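Here the structure comes first, spelled out in structure tokens, and everything after it is commentary.
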Amino acid sequence: MTANSLFHMFHQEGLMSRGRKAMAAFALVALVATGCAKGSATQESSAAGKTTVKYFTFSAAPDHVTDLDKIVKAFETANPTITVRVETAPYADYFTKLQTAVAGGAAPDTFELNYENFVSYATSGALMDMSAETAKDDLSAYAAKSVEAFKRDGKQFALPASYSAVVLFYNKDLFDKAGVDYPTADWTWDDELAAARKLTAEGVYGDFQPVQFFEFYKTLAQAGGSFFSGDGKQATFDRPEGVAAAKFLLAKPGTVMPTVADIGGTPDFDTNLFKKGKLAMWHNGIWQFAGLKDVPFDWDVVVEPASTKASAVFQNAVAVSATTKNSAAAYKWLRFLTSSEVTAQTRVATSWELPPLADPKAYAGYFEQTPPANRKAILQAVDTATPTPVIARQQEMQDIVTKALERAVSGKSKVEDALREAAKEVTALIK
Amino acid sequence: MVLFFLAPSAVPLVLFTLVPMVGSLWVSLHEWNLIGTMRWVGLANYAALLSDGDAWRALLNTVLYIAGYLPLVYIGGLGLAVALNRVTRGRDLFRSVYFLPVITSWVVVALMWKWLLNPSEGIVNRLLALMGIEGPGWWTSEEWALPSVILASAWKDLGFVMVILLAGLQAVPRDVLEAARVDGAGAWRRFRDITFPLLTPSTFFVVVISLINGFQVFDQVYVMTGGGPAGASEVVVERVYDLTFRYGRVGDASALSWVLFLVVLIVTVVQVRLQRRWVSYD
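Just so you know, the protein sequences line up as chains A and B, in that order. Using our numbering, the letters of the first sequence map in sequence onto residues 1 to 431. Using our numbering, the letters of the second sequence map in sequence onto residues 1 to 282.
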């Protein structure tokens, strides 16, 4: 349940928090406008010469807060002059809170970013250029590609913190009961849909795959299509491959998967469905492992079915605020948080995503744990990773695609028409 | 001395309304994403609004919302007021009960309606099912999302309209009504020709306030639908929120806020002008 991009976008956000968030947001706007929010948490230091570094994160709550605590304690023991103060927010609220804090001049010293948001923060000048620190430092502990991903114009703006992949979870007991063979890495869409139909029964859904942007760009790649034209100037997801991908997603709600009306805005509906043993197949991320360790049935994972394999892999990074007064301490903390042995061990022991380290031995233990038995599916997913389409106006693009799919799923528009219109709108956003 | 007595309302008004308003006017002339630096663009944000289909759609949705909400809340409130005006015992109790939703937080009310109108588990659809009717998808469906919000809004504001109209009803002189009765006017005739005309000042007040609130509708939309599905219930202020906090287009959001302000201002001025034609203060 650790937050990561896709499924939390689909869930209605925690309901109470919406209203509260709105009020907080308006209060903040008023404060910004009146210049009252100048007070900053970045320069707190206690009398004993201790430096306090604030760290804001979305991926720790709710399953890994104590695990993060362990890492913080280890860091503070090794660096007695630095205190780390952790604040968490659920993914759905995180970026609103971060944005308003930055705008109000009260940005946390260090904070977590996913790749999509990293781009807009780096280009907006909200992140400290770490190059001065990294120049004196040896970053060879990290996988080179991960370090590279968080550079802009040759400057290092963030350190890779973790990565995760989306796979197909399945409930073995339900497969046994329905007499259907377990999914394999060779499965195609048709195999999945056929199995889903057989597995769907009274009170049991065969499959769950949200109908939204993050599933769409991936299934588009699985259909052999591409989101943008080669020069990146045009959205091309309305071509036949895109229509096929959308139709694959749309085939599920109401037949083998609950509809939006069935879900009725219930938070974590799919997670609870799977945990209760009422969902046979579930497209979700490896961040769910920790939350599933006590379920009373057998389950496993497999790389997502498709004739052309393409998987979603998500990278999170951590950055230092451009306005911090404690840049040295902040950098030290992030280095520890992302590459220390304590972190790698904690992540492995608690199945808390994967550390972006160069040496596979550092997290070999992760792949020996069960459940799920087939953790090597993650490596297959990473090998076939398809990059998330990223543009400067990211959230608008995501909303346009998701809305088009919503119109198609409700039957308001034909799939072809909805995608054509969406592609036109996205192309206009790029310019 | 005057300033001293004004201060409790003037200071918050200046600090939290006027200063932010001027601030947003300034922001509306810039391109700004909250986290970067502001870039001067002059009136470009306003010009872009004209061709922004999403903004127009949000305005249309807002007008549709008002078109559904205003008659519902007015007729409902009037009906309640007339009924309560006849009740002699327990009037205060009923009045308090109907006023309770008015003073309840919008988040609470919106969540309650969201549950009542839950397509699969909600009590409304369960009752409909008992009568053999398959209920709609309410706030999860594109057709019913806006009506769901209208229903919740009318329910919450009913008490407010009722209290205003009830006060107006109680000011209608009994001797005039009595005289009409003696002259042989029936109940409907008395209402149409005496009560209703004498109620026009209260009606005017209710309509002006409801229209202003209607244009600014946000909380219930944000909690119940978030503007969805597929933008079916995206109203102007929801759009302002999305532009600011989802899309980082604070300049566009501020421009849209100012356009909304002008629309409300014009509508209100027109109403005040027109009132001479139909509101009677005699």
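Backbone N, C-alpha and C define an ideal beta-carbon position, used for all residues, glycine too. A quick note: this is a predicted structure, and the numbers were derived from the prediction, not measured.
>> At the level of alpha carbons, what is the spacing between A/T255 and A/Y205?
In response: 9 Å
> Using a C-beta to C-beta distance shorter than 9 Å, which residues of chain B count as neighbours of A/T471?
Replying inline: Lying outside 1 to 431, the shown extent of chain A, residue 471 of chain A is not represented and no answer is given.
>> Can you confirm whether B/I317, when its beta carbon is compared against all beta carbons of chain A, has any partner nearer than 8 Å?
In response: A query on residue 317 of chain B cannot be resolved here, the shown segment of chain B reaching from 1 to 282 and no further.
> Within the 8 Å Cβ cut-off, does B/E121 reach chain A?
Replying inline: yes
> alpha helix (DSSP H) containing A/K172: first to last residue?
Replying inline: 172 to 178
> Since A/F216 is in the alpha helix (DSSP H), which residue starts that stretch and which ends it?
Replying inline: 213 to 222
>> By alpha-carbon positions, which one of A/V415, A/F56, A/A143 ends up nearest to A/D238?
In response: A/V415
>> Within the continuous beta strand (DSSP E) that includes A/K54, where are the two ends?
In response: 51 to 57
>> So, for B/P201: in the same chain, excluding its five sequence neighbours on each side, which residues have a beta-carbon less than 8 Å away from its beta-carbon?
In response: G168, V279, S280, Y281
>> Less than 8 Å between CB atoms is the rule here; does A/K412 satisfy it with respect to chain B?
In response: yes
> Can you name the residues that DSSP bridges to A/M257?
Replying inline: A/P253
>> Give me the residue from B/L80, B/N45, B/W40, B/N213 with the minimum Cα distance to B/I164.
In response: B/L80
> In chain order, what residues of the same chain have a beta carbon less than 8 Å from the beta carbon of A/A25, not counting five sequence neighbours either side?
Replying inline: For A/A25, the predicted structure reports a pLDDT of 45, less than 50, and the residue's modelled location is therefore unreliable. A value from the coordinates is still provided. Only T96, T100 meet the Cβ criterion.
>> Less than 8 Å between CB atoms is the rule here; does A/S5 satisfy it with respect to chain B?
In response: With a pLDDT of 39 at A/S5, under the threshold of 50, the predicted position of this residue should be treated as unreliable, and no value is reported.
> Relative to the C-alpha of A/N326, which residue among A/S124, A/V119, A/A235, A/M130 is closest?
Replying inline: A/M130
> Among A/W282, A/V53, A/K73, A/N284, which residue has its Cα nearest to the Cα of A/T346?
Replying inline: A/K73
> Which runs of the beta strand (DSSP E) spanning at least 3 residues fall entirely within the region 134 to 167 of chain B, listed in chain order?
Replying inline: none
>> Counting only beta-carbon separations shorter than 8 Å, does B/K156 have a partner in chain A?
In response: no
> Looking at the unbroken alpha helix (DSSP H) that takes in B/G77, where does it start and where does it end?
Replying inline: 53 to 86
> How many Å lie between A/A433 and A/T308 at the Cα?
Replying inline: Because chain A is modelled from 1 through 431, residue 433 of chain A falls outside the range shown and cannot be assessed.
> What are the partner residues of A/F228, as DSSP defines its beta bridges?
Replying inline: A/A235
> With distances taken from CA atoms, which of A/V409, A/E421, A/T384 is nearest A/M397?
Replying inline: A/E421
> Going by alpha carbons, who is nearest to A/D137 out of A/A428, A/V409, A/T343, A/L334?
Replying inline: A/L334
> Quick one: what's A/D300 bridged to in DSSP?
Replying inline: A/Y170
> Less than 8 Å separating the beta-carbons of A/S59 and A/S162?
Replying inline: yes
> Residues of chain B with CB under 7 Å from A/S146, in chain order?
Replying inline: Going along chain B, no residue has its Cβ under 7 Å from A/S146, so there is no contact; the nearest lies around 24 Å.
>> If the criterion is Cβ atoms closer than 8 Å, does the pair B/V236 and B/T62 meet it?
In response: yes
>> Whole angstroms are fine: how far does the CA of A/K276 sit from the CA of A/V295?
In response: 8 Å
> Just reading off the beta strand (DSSP E) that A/N272 is part of, what are its end residues?
Replying inline: Unbroken run through A/N272 is the alpha helix (DSSP H), 269 to 275; no beta strand (DSSP E).
> With a Cβ-Cβ cutoff of 8 Å, do B/V223 and B/S233 count as a contact?
Replying inline: no
> So with Cβ pairs under 8 Å, would you call A/S120 a contact of chain B?
Replying inline: yes
> With burial defined as no fewer than 16 other Cβ atoms inside 10 Å of the residue's Cβ, what is the status of A/T219: buried or exposed?
Replying inline: buried
> A/E133: which of A/F157, A/S120, A/R152 sits nearest, CA to CA?
Replying inline: A/F157
> Taking DSSP as the reference, what is the three-state secondary structure of A/E202?
Replying inline: coil
> Based on the DSSP output, what are the partners of A/Q99 in its beta bridges?
Replying inline: The partner list for A/Q99 (beta bridge, DSSP) is empty, contrary to what the question assumes.
> Start and end of the alpha helix (DSSP H) containing B/V123?
Replying inline: Residue identity check: residue 123 of chain B is Ile in the sequence provided, not Val. Note, B/I123: alpha helix (DSSP H), 123 to 130.
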